Amino acid sequence: MGKENKNQNQNQNQNQNQQKQQNSSSKAQQHQVSSEDFNLKETKPSIGGGRLLSGYDRVGSAFDLVEQMQYLYIRIVKAKYLTTNDENDSPDPFVEVQLGSYRGVSRHFEDNYNPEWNQVFALVKEKIHAPVFQVLVRDKDRSSDDLIGMLVFDIGEVPRRVPPDSPLAPQWYKLEDRRGEKVRGELMLAIWMGTQADEAFPDSWHLDASSVNGEGVMNIRSKVYLSPRLWYLRINVIEAQELVLVNKNRLQPELFVKAVLGIFDLRTKICTLKNLSPSWNEDLMFAVAEPFEGRLVLSVEDKLGNKEDVVGQCEVSLQGVDKRIDSMPPAGRWYNLEKHTYNNGEHKVMKLNSRIHVRISLDGGYHVLDELTQYSSDLRPTTKELWKPPIGVLELGILNAQGLSSMKNVNGSGTTDAYCVAKYGQKWIRTRTVLNSFNPKWNEQYTWEVYDPCTVITIAVFDNCHLKGLNREGGQNDAIIGKVRIRLSTLATNRVYSHSYPLIALTPSGVKKMGEIQLAVKFSCSTFMDMLQMYIQPLLPILHYTQPLTATQIDILRHQATHIVVAKLGRAEPPLRRETVEYMLDVGTNMWSVRRAKANHSRIAAVVINLADLFMWFNGICTWKKPVTTIVVHIMFMLLVCFPWKIMRFTFLIVFIIGIYNYPGRPRHPAHMDVKLSRADTANTDELDEEFDTFPTTRPTDTVKMRYDRLRAIASRLQVVAGDLASQGERIHNLLSWRDPRATGLFLVFCLVAFIVLFRTPPKAFIIGIGFYAMRHPRVRNNLPSPPISFFRRLPARADSLL
Numbered sequence: 005m006g007k008e009n010k011n012q013n014q015n016q017n018q019n020q021n022q023q024k025q026q027n028s029s030s031k032a033q034q035h036q037v038s039s040e041d042f043n044l045k046e047t048k049p050s051i052g053g054g055r056l057l058s059g060y061d062r063v064g065s066a067f068d069l070v071e072q073m074q075y076l077y078i079r080i081v082k083a084k085y086l087t088t089n090d091e092n093d094s095p096d097p098f099v100e101v102q103l104g105s106y107r108g109v110s111r112h113f114e115d116n117y118n119p120e121w122n123q124v125f126a127l128v129k130e131k132i133h134a135p136v137f138q139v140l141v142r143d144k145d146r147s148s149d150d151l152i153g154m155l156v157f158d159i160g161e162v163p164r165r166v167p168p169d170s171p172l173a174p175q176w177y178k179l180e181d182r183r184g185e186k187v188r189g190e191l192m193l194a195i196w197m198g199t200q201a202d203e204a205f206p207d208s209w210h211l212d213a214s215s216v217n218g219e220g221v222m223n224i225r226s227k228v229y230l231s232p233r234l235w236y237l238r239i240n241v242i243e244a245q246e247l248v249l250v251n252k253n254r255l256q257p258e259l260f261v262k263a264v265l266g267i268f269d270l271r272t273k274i275c276t277l278k279n280l281s282p283s284w285n286e287d288l289m290f291a292v293a294e295p296f297e298g299r300l301v302l303s304v305e306d307k308l309g310n311k312e313d314v315v316g317q318c319e320v321s322l323q324g325v326d327k328r329i330d331s332m333p334p335a336g337r338w339y340n341l342e343k344h345t346y347n348n349g350e351h352k353v354m355k356l357n358s359r360i361h362v363r364i365s366l367d368g369g370y371h372v373l374d375e376l377t378q379y380s381s382d383l384r385p386t387t388k389e390l391w392k393p394p395i396g397v398l399e400l401g402i403l404n405a406q407g408l409s410s411m412k413n414v415n416g417s418g419t420t421d422a423y424c425v426a427k428y429g430q431k432w433i434r435t436r437t438v439l440n441s442f443n444p445k446w447n448e449q450y451t452w453e454v455y456d457p458c459t460v461i462t463i464a465v466f467d468n469c470h471l472k473g474l475n476r477e478g479g480q481n482d483a484i485i486g487k488v489r490i491r492l493s494t495l496a497t498n499r500v501y502s503h504s505y506p507l508i509a510l511t512p513s514g515v516k517k518m519g520e521i522q523l524a525v526k527f528s529c530s531t532f533m534d535m536l537q538m539y540i541q542p543l544l545p546i547l548h549y550t551q552p553l554t555a556t557q558i559d560i561l562r563h564q565a566t567h568i569v570v571a572k573l574g575r576a577e578p579p580l581r582r583e584t585v586e587y588m589l590d591v592g593t594n595m596w597s598v599r600r601a602k603a604n605h606s607r608i609a610a611v612v613i614n615l616a617d618l619f620m621w622f623n624g625i626c627t628w629k630k631p632v633t634t635i636v637v638h639i640m641f642m643l644l645v646c647f648p649w650k651i652m653r654f655t656f657l658i659v660f661i662i663g664i665y666n667y668p669g670r671p672r673h674p675a676h677m678d679v680k681l682s683r684a685d686t687a688n689t690d691e692l693d694e695e696f697d698t699f700p701t702t703r704p705t706d707t708v709k710m711r712y713d714r715l716r717a718i719a720s721r722l723q724v725v726a727g728d729l730a731s732q733g734e735r736i737h738n739l740l741s742w743r744d745p746r747a748t749g750l751f752l753v754f755c756l757v758a759f760i761v762l763f764r765t766p767p768k769a770f771i772i773g774i775g776f777y778a779m780r781h782p783r784v785r786n787n788l789p790s791p792p793i794s795f796f797r798r799l800p801a802r803a804d805s806l807l
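So in this note's numbering, spot 458 of the sequence shown is number 462, and the numbers just go up one at a time.
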C-alpha cells in the first residue's frame, strides 16, 4: 500500500509539473512571439480520415474537408416501471452515463415512473480507455444510495453505423443492481459508433471529465443561426395641415417631425413658417426586420429653446405598409393627428383636426448593410424576387486549433473552452465548445450557397464564459481569441485550401498571438461563365444607384441593423451574445486610430512605390544594366515613333505579356491577418491607449475633450478616404497580380481581344468612337455603373488583411 501511495503521489506531481509547464508555455507564448509566428502556414491534414470520401459517403454527410472522428453515441430514450426502496415514494429519475473519468447527466423528472428523456451523449473514441461503460438510472431526492438500476456495456460489442444507413433502433433493457441481479424497471436506449456526420451529432451532449449536466450546460453544442430578414423603412414626410400650437402667440414656430421606431428616433429639418401648414419633403429611413411587429410613431413637435412641445402625433402599423422593389414612389396618405395628455396618471387621447401627409414604404430593392462594405458576405437585395440563382458553393472545414492561450482560471489552473463562429450571408454557424483544451479539435464542416464571388467569409474563435453547471471562473463576456477573413474571389475553384491561420488579438498592452486555427476551404462554382459574368455587373443592387443613400444614412442604418441582429441572435438557444456578434460584424472599427492611419499611409506609400518602380526600371534601361532589354526597348521606341498609330495596340500587347509573365508568381494561398500591414507590432502604448479609449474620450479637461473628439471625428473620415484611395491603387496593381485569378484572366483576355480588334480598326475611327461615346446624349445614358467600373470595384484589395 505504501508503494502504491508513493507511486500515486509521484504521478500526481508529474501531472502537476506538466500542467504548470503547459500553462507557463501558453503564457510565454503570448509575450514572446517572432514575426514568423504571425505568418500563414500551409498544412496537409488527414482529410476525410486520411482519404477523400467516396460518393457513397458524401450522400450522407459530405464531410470531405475534415478528418473523420469516431464517436460513441448513447441515446437515452425513456424508462418504464421505475421504483424506489420506499413503495410510497415516487422517484425523481435521471440518467448518468459513466465511462472512465468521463461523465454525463441527463435532466431529471419529478414524481415520474415512466420518464422520457430522448437525449444523446457522445464521446470521442480516442478518449475511450476503459473496456466498459455504465448507464445508471438514479433518484435525485434520495439521500443514501440513489441508484434505481444500471446497465453495463462492453465497448468492443458496440455496433458501427455508417450514413446513409437508417438510425439504429433503440431497445428495451432490464435494469440491474450493483450485484448484477435484475430489478424492477426497464430502460430504452440505443448505442452505436459513428462519426460527426451522424444526424445525432449536432444535438448530442459531449461527455467531459467534469460534471456535464444536461440541464445546465446549454451552450456547448454546435448550432446554425439565421440572421433576420432586414428591410429599409422609408418615411417621406411631405407636409402637415391645420396644426394647433400649444403657444398660439408664436409668430414663427419652429416645427419638425420626429419618427420613433423602437429605441431609435429620427427628425426632419426644422421648418419655420408664418402659417401652420409646414412642408418638409424629407426622407427618414429605419432598418426593420421581419416579422414587422413594431409600430411607427410620427409626431409634429415645436422647438421651444431647450424643450419641445408635441403638437400632435399618430401611430402607424408596419404590417400594413406597402413593399416596393423599384424606385416608383408609393402612394401618399393623410394621417389624423392626436393629442395625448396625462393628468394625475390618467391617459387621455384628444382627436385633432390636424393631419400629416406622408409616404411610407418598405424598400426591398436595397441590400441592408449590417457589415462593413469591404467585408460584406452578402450583396443581395432584401426581396427574393430580385435574387439570382447561386453561382457556386462554399465549403468550410473547421479542423482544430493549436497553442491557444489560457483564458480563465479553474481550480487554480488556466484553461480555455474554445468555440468557433463563422458568418457568410445570412447563415451563422457556431461549433461545439471543446472544454478544457488548448488544442481543441472540432472537425466540423459547413456549406453556404454563393451568389457573388467578391464576398468575404469571417471566422472567429472565442472562449466560452457562460458554461452553466461547470466551475468556470471567467469574465461576464465571452473572451475574444482571434479572427480570420477570407475573400472568395482569391480562391481558385474546386481546390481545397488547407492552412493554419494565426489568431491575433490586439489589446491595450500590445499585439498578441493567441494560437493558430486550421481551416480547410473549398469554393466550387456551378457555371463558370455565370461567375465571370458577375465581374461586370454592379456590385450592389440597382436601387443603390438610382436612389443612392448618403454616407450618414448608411452609418445610421448600419447601426440600427447591427442592433437588430444582436437582439435576434441573442434570443436563440444557445444565444450568440452581443460581444460575439459585434466582433463578427466589425462594430466600432471605423473609429479613429493612429495605428490604422499609419497602416493606410503605408498602403498608399506601397502603391506609390509600385509606380516608382516603373521609373527605376526606365533608369535601368538608361544605364544599360540589362543590355538585351535595353536594345529591345530602343527598337520598340523607334517603332512607336515611326508608327504612332500602333501605340495603343502594343500597349495592350505589353500589358498582356506582363500579366502572363506574372502568372508563375501568383499568390498560392488566401490572405490572412497581417500584423506588419496593420502596424500592430510597432504601435506604442500611448497610441494603443488612444485606440482603446472610449468615444467620447475620458480625459478630464473639457477643452481637451472637445478638441480631442473633434479631431477623432475628422480624422476618422480622413482615415476612410485614405483607405479607399489605397484600395483603388491596390485594385490597379491586382489587375495583373493574379490575386483574383478569374479577374486577371478576364482582363488579359480583354487586352488580347483589344489588341486584335485594334489591328483591324483605323485609329481615327476608334478615337472618334470613344469621343462620341463619352459625349453621348443623356437620353441614352443610365445611372448604373459601366461594366469596366463594376469590374474594377470587384477587384480585391489588401483591406481584407487589416486588423
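Ideal Cβ positions, reconstructed from N, Cα and C, are used throughout, including at glycine. On a predicted model such as this, the values are computed, not experimentally measured, just so you know.
query, result
"Close-in-space but distant-in-sequence residues of the same chain around Glu375 (CB under 6 Å, 5 per side omitted)", "Leu589"
"Test item: CB-CB of Leu806 and Ser682 under 7 Å", "yes"
"Proximity of Cys424 and Val465 at Cβ, strictly below 7 Å", "yes"
"Close beta carbons around Asn666, own chain, < 7 Å, minus the five adjacent residues each side", "Leu740, Ser741, Trp742"
"Spatially closest choice to Arg716 from Val598, Asn614, Arg802, Arg582, by CA coordinates", "Val598"
"Presumed contact (8 Å Cβ cut-off) between Val315 and Leu249, rounded CB distance", "6 Å"
"Range covered by the beta strand (DSSP E) that runs through Ala747", "Counting along the chain, Ala747 falls outside any beta strand (DSSP E), though it belongs to the alpha helix (DSSP H) covering 745-764."
"Contact under 7 Å by Cβ, Val460 with Arg491", "yes"
"Buried/exposed call for Asp617, threshold 16 Cβ in 10 Å", "exposed"
"Beta-carbon contacts of Ile395 that lie in its chain and below 8 Å, excluding the five residues immediately before and after", "Val454, Tyr455, Asp456, Pro457, Cys529, Ser530, Thr531, Asp534, Met535, Met538"
"Residue range of the beta strand (DSSP E) that includes Glu312", "311-321"
"Proximity below 7 Å, CB of Arg3 to CB of Ala194", "In the structure as shown, the chain begins at 5 and stops at 807. Residue 3 is therefore absent and cannot be evaluated."
"Minimum C-alpha distance to Pro232 - residue among Gly733, Thr566, Ile274, Glu691", "Thr566"
"Residue nearest to Phe696 in terms of C-alpha spacing, selected from Phe98, Ala603, Pro512, Arg582", "Pro512"
"Neighbourhood of Phe796 by C-beta distance below 7 Å, restricted to the same chain and skipping five residues each side", "Arg735"
"Helix, strand or coil at Trp621 according to DSSP, with G and I counted as helix", "helix"
"Three or more C-beta pairs below 8 Å linking the stretch 279-294 and the stretch 232-242", "yes"
"Nearest candidate by alpha-carbon position, reference Asn2, set Thr701, Arg764, Leu750, Met677", "Here the chain comprises residues numbered 5 to 807, so residue 2 is not present and cannot be evaluated."
"Inter-residue spacing [alpha-carbon to alpha-carbon] between Gly401 and Leu69", "5 Å"
"Contact set for Asn17: own chain, Cβ-Cβ below 7 Å, skip 5 residues either direction", "Note that Asn17 has pLDDT 49, beneath the 50 cutoff, so the model's placement of it is unreliable and the number below is only indicative. Excluding sequence neighbours, Asn17 sits near nothing in its chain."
"Given Ser281 as reference, the closest of Leu300, Leu270, Val261, Asp287 once Cα atoms are compared", "Val261"
"N-terminal and C-terminal residue of the alpha helix (DSSP H) that Glu583 is part of", "582-588"
"Rounded straight-line distance, which links the Cα of Tyr370 to that of Gly733", "28 Å"
"Alpha-carbon spacing of Leu302 relative to Ser94, whole angstroms", "60 Å"
"Residues that DSSP places opposite Gln123 in a beta bridge", "Ile80"
"Ser3, DSSP secondary structure in three states", "The requested residue 3 does not occur in the structure, where the chain is confined to residues 5 to 807."
"Inter-residue spacing [alpha-carbon to alpha-carbon] between Met838 and Asn614", "Lying before the first or after the last residue shown, residue 838 is absent from the chain, which here runs from 5 to 807."
"With 16 other Cβ atoms within 10 Å as the buried cut-off, status of Asn468", "buried"
"C-beta neighbour in chain B for Gln430, strict 7 Å", "No chain B appears in the structure shown, which is made up of a single protein chain."
"Per-residue burial, Leu543 [other beta carbons within 10 Å of its own, 16 or more giving buried]", "buried"
"Cut-off 6 Å between Cβ atoms - residues of its own chain near Ser365, not counting five sequence neighbours on either side", "Arg238, Asp326, Arg328, Pro334"
"Coarse secondary structure for Ala616, derived from DSSP in three states", "helix"
"Reduced DSSP category for Val162 - H, G, I as helix; E, B as strand; rest coil", "coil"
"Residues that Thr276 bridges to, as DSSP identifies them", "Glu258"
"Endpoints, alpha helix (DSSP H) assigned at Met533", "532-537"
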